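In our numbering, the protein residues as written are 113 to 291.
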């Protein structure tokens, strides 16, 4: 009877260990299998960093690829950056029809300010509330497609210029729509 309990206890402790230690490196990862789309990929391209160097797995140091350089080899990045999604930081662009402003929230005071660099009635310019392009990108970056506030501008302070030299630019993320 004691042997049966010991054997059962051994199996109960060992079985989960065997199940969880199976080699899961063979399991397919995201992108390894078809997503159901029947079309052929449009772009099978090499990736380049901001210094136009080819990015390869295993590179040391591993640098992020640059959409400006990678996609810019075939597509006019300057023209794309002038598009409506990316030129919102440029106050010289015609304001167009009214859209949704950015909402800056201060939880302590319960203040909500609608922000836009476009001349829409009822909105404040980001620089009027103390937001330079860097702070704007930090505050709203999770909703930005890149470009605009995320890239260098003539309005950048010297400190901001050097900050971008360290972190890199927040380039247009072509892959947010085109994957």
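Where a beta carbon is used, it is the ideal one built from N, C-alpha and C, also for glycine.
A quick note: this is a predicted structure, and the numbers were derived from the prediction, not measured.
Cα-Cα separation, residue 269 to residue 189: In the chain shown, counting from the first residue as 1, residue 269 sits at position 157. In the chain shown, counting from the first residue as 1, residue 189 sits at position 77. Roughly 24 Å between the two C-alpha positions.
Beta-bridge partners of residue 226, as assigned by DSSP: As a working mapping, residue 226 is identified with position 114 in the chain shown. Looking at the DSSP assignment, residue 226 forms a beta bridge with 215.
Separation of residue 239 from residue 283, as counted between CA atoms: Locating residue 283 in the chain shown gives position 171, where the first residue counts as 1. Locating residue 239 in the chain shown gives position 127, where the first residue counts as 1. The straight-line gap from Cα to Cα measures roughly 21 Å.
C-beta contact flag for residue 281 and residue 263 at 9 Å: For this step, residue 281 is matched to residue 169 along the chain shown. For this step, residue 263 is matched to residue 151 along the chain shown. Going by C-beta atoms, residue 281 is nearer than 9 Å to residue 263.
Cut-off 6 Å between Cβ atoms - residues of its own chain near residue 272, not counting five sequence neighbours on either side: Translated into positions along the chain shown, residue 272 becomes position 160. Answer for residue 272: 246, listed in chain order.
Per-residue DSSP class, three states only, for residue 181: For the purposes of this step, residue 181 is taken as the residue at position 69 of the chain shown. Here residue 181 sits in helix by DSSP.
Whole-angstrom C-beta distance between residue 177 and residue 257, which should lie under 8 Å: Reading the chain shown from its first residue, position 145 is the one you call residue 257. Reading the chain shown from its first residue, position 65 is the one you call residue 177. Rounded, the Cβ-Cβ distance is 17 Å, inconsistent with contact.
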